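Residue numbers (this note's numbering): 491 to 764.
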């Protein structure tokens with residue numbers, strides 16, 4: 491009986507040790523399973539988030555507008571389903587033609603000036619280029635009309651066709667009225683044919699002796715810009731005749747600045763100073 495009890499105790503100890511080892515293994519497996527499950531869960535969450543972000547983000551084709559669609563919208567054209575590129579081109583051409591026709595029909599209206607200064611100036615600028623012959627004649631007449639505002643007259647001078655209306659232009663320069671100096675400044679920057687330039691030069695030169703100091707300065711500036719020897723002639727006349735009698739100190743300074751520029755130009759070209 492003593493041996494049996496000993497065997498039973500030994501068996502019990504072995505059984506208990508075996509169960510303990512199994513228990514440790516199960517605990518270890520449970521821990522490993524938890525780690526694997528957590529890792530898999532993280533992967534699933536990451537993939538799910540990426541898919542959601544990819545589906546919610548606009549595609550490249552959605553974020554970059556089609557250039558033809560943008561052009562159509564800017565011209566007031568609503569794209570139609572199934573429309574071909576050729577049809578789009580024709581449609582844009584029709585819109586452009588219609589716009590041109592509107593401009594043409596608008597230019598047929600009489601030239602009427604309102605009370606708004608900016609609108610009047612813009613109207614003169616546009617109609618001097620795209621208006622009817624009658625409207626262009628009206629603009630040229632505004633330049634010479636002493637009853638018009640100076641701003642309107644100068645806008646007409648600036649924008650009228652100088653080649654076509656050179657006779658009224660010459661008359662303005664010779665008239666010695668309040669827009670002459672500004673007209674001469676404008677003339678110095680204009681690109682003109684040789685014949686028109688010759689007529690303007692003659693008119694400007696002939697006006698020098700009978701005009702105000704302000705206009706004389708404009709005339710000297712004109713011939714300086716044209717690199718003409720007439721600057722030397724007129725300056726000498728002015729200096730010898732009255733030594734700038736009637737000129738303010740500011741006007742004298744302006745003449746001296748022009749003279750300084752003239753001498754610099756002569757140095758560059760190798761000419762003798764006046």
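Each residue gets a CB set at the ideal place from its N, CA and C atoms; glycine is no exception. Model, not experiment: these values are computed from the prediction.
{"query": "Could you check the C-alpha separation between residue 681 and residue 758 for me, to the nearest Å?", "result": "24 angstroms"}
{"query": "Just to confirm, is the Cβ distance from residue 610 to residue 640 under 8 angstroms?", "result": "no"}
{"query": "For the segment 634-670, which segments carrying the alpha helix (DSSP H) assignment without a break, of at least 4 residues, lie completely within its bounds, in sequence order?", "result": "640-649 and 656-665"}
{"query": "Can you list, in chain order, the residues of its chain with a C-beta nearer than 8 angstroms to that of residue 617? Leave out the 5 residues immediately preceding and following it.", "result": "597, 601, 625, 626 and 629"}
{"query": "Considering only their Cβ atoms, is the gap separating residue 689 from residue 656 smaller than 8 angstroms?", "result": "yes"}
{"query": "Can you tell me where the alpha helix (DSSP H) holding residue 696 begins and where it ends?", "result": "684-697"}
{"query": "Tell me whether the beta-carbon of residue 714 lies closer than 8 angstroms to the beta-carbon of residue 754.", "result": "no"}
{"query": "Comparing C-alpha positions only, which one of 686, 697, 692 and 652 sits nearest to residue 670?", "result": "697"}
{"query": "CB-CB under 7 angstroms to residue 634, same chain, minus the five flanking residues each way: which ones, in chain order?", "result": "658, 661 and 662"}
{"query": "Specify, as a first and last residue, the run of the alpha helix (DSSP H) that residue 607 falls within.", "result": "607-620"}
{"query": "Going by the beta-carbon positions, is the gap between residue 667 and residue 614 smaller than 8 angstroms?", "result": "no"}
{"query": "Between which two residues does the alpha helix (DSSP H) harbouring residue 759 extend?", "result": "739-759"}
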